[in-house]
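Asker: Residue numbers (this note's numbering), protein chains in the order written: chain A, 1 to 428; chain B, 1 to 428.
Take a look at the structure:
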């Protein structure tokens, strides 16, 4: 142990910390904005059967090719009538109507109704010409073979769905960018729209860099760890409706990483490089990305924790991301930057993330000018509310994410959040 | 038009309305409870590669087969040191340390550290024996070839992740029933757990009944409509992680429906009959279901709107559902009864549905003793809040669901909800 007095080392230390990361550090919204300015909504479309289109993104506006219903339908079991024939009818003074037909389900009525006539009809049955309302069976009484009493008056249109009442020919029904839900598929098939044009699923290449990484099947030697990010990224890409393409694990070697990145860029619509965790490995990632094509790196460094050393780039018209090697940082930055970029490319209008309101259980410190994302566990309280309990872990280990139910954001301009504050937790 | 005075028709009308549906009408929670008492958590499992296990349901508890990390790792770029060697160090009086090694990423250190020695190390590097802390590079100064000054003291453990600090051998990490998220896959592969035992996906047979139904590809003749429910049900089953098996469309003919239902029961784990919309078609569905196996129909009729004529059954140990033919009723009752039953069969602990708080825009009437589900559209207000605007449509047409963003529940014991009430909307 040797000690020596020094006058000042500030100047020299300054030189050490001047890494590329300190240039152009942007807030997360600024960073995303810079990237998206270079990412066009491309909307390559493909036609798929409607029945297979769940969660796909419509590539064009859809309008109705037909009226729905296409015929006047009864909404109840009963008798199709001319409403005027029932006017004034009461239990005490019912209207007598002649049953001249029975409308069979799936068939047109056999004849039109004249004055004083009615036809037996079930829910969903087609109204005969001449009829304009339905008296429900509970408000009738059969008398004799072919006569009923209507015990109540019905107004014209009562218990009837009109042609086009659900949707009319030419009505816009679903907009481009809409993510198709079960009921949307139902509405489309109801109209006979058995195929739809949707945004092509994007291929997203994943290149994991790091001398320390081995594949999950391998037993790591001392100093080695298994690749995590390829698998969490692949799962998040799947959740977004796209196709992950794992390139594998590459050492922190410029040529090897550059070859792998270039091959991934060639084969995919988007590329994610999960960088090695040291500063030098991250700087190498930035150089590799910048060499892949114009305009190259747009953002290097974001005022975000975790996730500061994020690289956002566009190379030869394709988005390329250099995400931090730390597994938590990698997931946070995927959510903030990759996910919205994939939505932009497909034109998808995605619903907001699932959130829940909870009360923060303890103080959280943060630096102003930086967005912090803190993993929290949710715990039910006796009063029925929820507490958000921060799950702190040194260095953002993967299991802190597994023990958490969601994340909360400490905004850019907040110096932290106080215990007892009501916060919105974005659920995993 | 013929009128005639009648003393009373109440008795006769009573006879008409006495359908099976009026017996044993239960509240939705009671109905589900009766069904689930007959549905065991079966937990047929299968082994799948962890990388393909996103959104699958764990069929067994998983505990950690290893410590993570398996070696002491640096969390920063800097120098691995013996902390005691730095005690008292300041900028003015730094500690001199001899650089005796450089720890390469992915490799064990070449040697242990003795007193006054240190080793260059990057983030994620393996700590040498003898070292117990890391001085970050910004707090050091290189002097000469193989000597640094440590400008600040570090405590033992500082900037180091210990063996097992993320998770320890034998720790329970994920419980049976857990639905696997991206980070869970990451944690599992980090531990070398490359395959997991998950609940088998269930095959759910769908039989659509109704003389009026045709397949979507067909042009409906007058009186006919296209089958919707097979496709909305299939999509909801997919969203729940299971496999829909469409049997097709069958007429309201007892023998035809019975054959189709029996074949579906044979081939699947669960069967849904989407019934014809008339009372007689629904009664036929109940008879068909009751004949499929013991114990048969458990619930016929639920105090629910829409969805009253729901049939819940267990036949030969398999859940069988008779859902109303109306497309909105069909979706509501799938959510309330089928979805929780599929979760029970797989043991899945599903996260609650996505909800949002909104202010009701107008009064909604309801009957007490009945749960009402009302489709609503969400509209942003100037004050940043949301209004829930009921989307009313006669007879629950499919496009009322498409125009809606979610549903709100009018509870059993409420006579309705007043305009201005703050409500929770379950989002689609």
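We put the beta carbon where it would ideally sit given N, CA and C, even for glycine.
1) Answer yes or no: does any C-beta atom of chain B fall closer than 8 Å to that of residue 107(A)?
2) Along the segment 332–352 of chain A, where does the CB come closer than 8 Å to a CB of chain B? Name the residues.
3) Tell me the start and end of each unbroken beta strand (DSSP E) in the segment 201–229 of chain B that is at least 3 residues and wholly inside, in chain order.
4) If contact means a Cβ-Cβ distance below 8 Å, which residues of the segment 170–187 of chain A contact chain B?
5) Within this structure, are the beta carbons of residue 27(B) and residue 371(B) separated by less than 8 Å?
6) Give the residues from the segment 122–152 of chain A that approach chain B closer than 9 Å (Cβ to any Cβ), ordered along the chain.
7) Would you kindly report the start and end of the unbroken alpha helix (DSSP H) that includes residue 327(A)?
8) Could you tell me the alpha carbon to alpha carbon distance between residue 74(A) and residue 235(B), rounded to whole angstroms?
9) Quick one: complete beta strand (DSSP E) runs, 3+ long, within the segment 81–137 of chain B?
10) When DSSP labels each residue in this structure, what does residue 337(A) get in the three-state scheme?
11) Could you give the residue range of the alpha helix (DSSP H) that holds residue 263(B)?
12) What residues in its chain sit with their C-beta under 8 Å from that of residue 195(A), if we drop five residues either side in the sequence?
13) Comparing the C-beta of residue 422(B) with each C-beta of chain A, is any distance below 8 Å?
14) Measure the CB-CB distance between residue 341(B) and residue 323(B) and report whether it falls below 8 Å.
15) State yes or no: is the C-beta of residue 211(B) within less than 8 Å of the C-beta of residue 252(B)?
16) Which stretch, first to last residue, makes up the alpha helix (DSSP H) that contains residue 399(B)?
17) Going straight from the alpha carbon of residue 416(B) to that of residue 366(B), what length do you get?
18) Rounded to whole angstroms, what's the CA-CA distance from residue 336(B) to residue 70(B)? Just pull it up for me.
19) Taking only the alpha-carbon atoms, compute the straight-line gap between residue 223(A) and residue 128(B) and give it to the nearest angstrom.
20) From the beta carbon of residue 224(B), is the nearest beta carbon of chain A less than 8 Å away?
21) Starting from the beta carbon of residue 206(A), find every residue of chain B whose beta carbon is closer than 7 Å, and list them in chain order.
22) Counting pairs of Cβ atoms below 8 Å between the segment 288–297 of chain B and the segment 83–99 of chain A, do you hit three or more?
23) Could you check which residue in 199(B), 330(B) and 190(B) has the C-alpha nearest to that of residue 168(B)?
24) Just the chain B side, please: which residues come within less than 8 Å of residue 399(A) by C-beta, in chain order?
25) At a Cβ threshold of 8 Å, is residue 412(A) touching chain B?
26) Within this structure, are the beta carbons of residue 278(A) and residue 106(B) separated by less than 8 Å?
27) Taking just the CA atoms, how far does residue 346(A) sit from residue 298(A)?
28) Between which residues of its own chain and residue 379(A) is the CB-CB distance below 6 Å, once the five residues before and five after are set aside?
29) Look up residue 409(A) in the DSSP assignment and give the residues it is bridged to.
30) For residue 147(B), list the residues DSSP reports as bridge partners.
31) Taking its Cβ as the centre, do 16 or more other Cβ atoms sit within 10 Å of residue 357(A), making it buried, or is it exposed?
32) Should residue 285(A) go down as buried or exposed, given a rule of 16 or more other Cβ atoms within 10 Å for buried?
33) Leaving out five residues on either side along the sequence, give the residues of the same chain with a beta carbon under 8 Å from the beta carbon of residue 130(A).
34) Mind listing the chain B neighbours of residue 232(A)? Cutoff is C-beta to C-beta under 8 Å, in chain order.
35) So residue 175(B) is in the beta strand (DSSP E); what residue range does that whole segment cover?
36) Whose C-beta lies closer than 6 Å to the C-beta of residue 11(A) among residues of the same chain, with five residues either side of it excluded?
Answerer: Checking against the coordinates, here is how it stands:
1) Walking along the first chain from the start, residue 107(A) turns up at place 107. For residue 107(A), the answer is yes, since a Cβ of chain B falls inside 8 Å of its Cβ.
2) 351
3) 203–209
4) Those residues of the segment 170–187 of chain A that come within reach of chain B (Cβ to Cβ, closer than 8 Å) are 173, 174, 181, 182, 183, 184, 185, 186 and 187.
5) As a position in the second chain, residue 27(B) is number 27, starting the count at 1. As a position in the second chain, residue 371(B) is number 371, starting the count at 1. Yes, these two residues count as a Cβ contact at 8 Å.
6) 122, 123, 124, 125, 126, 137, 138, 139, 140, 141, 142, 143, 147, 149 and 151
7) Within the first chain, the letter at position 327 stands for residue 327(A). Taken as a continuous stretch (DSSP letters only), the alpha helix (DSSP H) holding residue 327(A) covers 327–333.
8) For the purposes of this step, residue 74(A) is taken as residue 74 along the first chain, with counting starting at 1. For the purposes of this step, residue 235(B) is taken as residue 235 along the second chain, with counting starting at 1. The straight-line gap from Cα to Cα measures roughly 28 Å.
9) 95–102, 117–121 and 133–136
10) Counted from its first residue, the first chain places residue 337(A) at position 337. Helix, per DSSP.
11) Counting from one through the second chain, the residue named residue 263(B) turns up at place 263. Counting along the chain, the alpha helix (DSSP H) containing residue 263(B) begins and ends at 254–267.
12) Along the first chain, read from residue 1 onward, the residue named residue 195(A) stands at position 195. For residue 195(A), where only same-chain residues beyond five positions count, the Cβ hits under 8 Å are 47, 48, 49 and 50.
13) Taking the second chain and counting its residues from 1, the one referred to as residue 422(B) is at position 422. No - not a single Cβ of chain A is within 8 Å of the one on residue 422(B).
14) To locate residue 341(B), count along the second chain from 1; it is residue 341. To locate residue 323(B), count along the second chain from 1; it is residue 323. Contact flag unset, no.
15) Residue numbering aside, residue 211(B) sits at position 211 when the second chain is read from its first letter. Residue numbering aside, residue 252(B) sits at position 252 when the second chain is read from its first letter. Yes. Within cutoff.
16) Numbered from 1 along the second chain, position 399 holds the residue referred to as residue 399(B). First-last of the alpha helix (DSSP H) with residue 399(B): 398–402.
17) To locate residue 416(B), count along the second chain from 1; it is residue 416. To locate residue 366(B), count along the second chain from 1; it is residue 366. Residue 416(B) and residue 366(B): Cα-Cα distance of roughly 5 Å.
18) Walking along the second chain from the start, residue 336(B) turns up at place 336. Walking along the second chain from the start, residue 70(B) turns up at place 70. Each residue's alpha carbon lies about 46 Å from the other.
19) Counted from its first residue, the first chain places residue 223(A) at position 223. Counted from its first residue, the second chain places residue 128(B) at position 128. Using only the alpha carbons, I get a separation of about 10 Å.
20) Within the second chain, residue 224(B) is the residue found at index 224, counting from 1. At least one chain A Cβ lies under 8 Å of residue 224(B).
21) As a first step, residue 206(A) is located in the first chain; it is residue number 206 there, counting from the start. Residues of chain B passing the Cβ test: none, with the nearest at roughly 12 Å.
22) no
23) Here the question's residue 168(B) lines up with position 168 in the second chain. The shortest Cα separation from residue 168(B) among 199(B), 330(B) and 190(B) belongs to 190(B).
24) Within the first chain, the letter at position 399 stands for residue 399(A). Correct list: 68, 166, 167, 173 and 187.
25) Against the first chain, residue 412(A) aligns to sequence position 412. Output row for residue 412(A): interface = no.
26) Numbered from its first residue, the first chain carries residue 278(A) at position 278. Numbered from its first residue, the second chain carries residue 106(B) at position 106. In this structure, residue 106(B) does not lie closer than 8 Å to residue 278(A) by Cβ.
27) For the purposes of this step, residue 298(A) is identified with residue 298 of the first chain, where counting begins at 1. For the purposes of this step, residue 346(A) is identified with residue 346 of the first chain, where counting begins at 1. If you take the alpha carbons of residue 298(A) and residue 346(A), they lie about 21 Å apart.
28) Here residue 379(A) refers to the residue found at position 379 of the first chain. Hits under 6 Å: 387 and 389.
29) Within the first chain, the letter at position 409 stands for residue 409(A). 373(A).
30) As a first step, residue 147(B) must be located in the second chain, where it is residue number 147. Residue 147(B) pairs with 98(B).
31) Position 357 of the first chain, counting from 1, holds the residue named residue 357(A). By the 10 Å Cβ count, residue 357(A) comes out exposed.
32) By one-based count along the first chain, residue 285(A) stands at place 285. Buried is the call here.
33) As a working mapping, residue 130(A) is identified with position 130 in the first chain. Excluding positions up to five away in sequence, the list reads 82, 112, 113, 114 and 117.
34) Counted from its first residue, the first chain places residue 232(A) at position 232. The answer, in chain order, is 182, 183, 185 and 186.
35) Working through the second chain from its first residue, we reach residue 175(B) at position 175. Counting along the chain, residue 175(B) falls outside any beta strand (DSSP E), and DSSP gives it neither H nor E.
36) The sequence position of residue 11(A) within the first chain is 11, counting from 1. Its pLDDT being 34, under 50, residue 11(A) is placed unreliably in this model, and the value from its coordinates should be taken loosely. Answer for residue 11(A): no residue qualifies.
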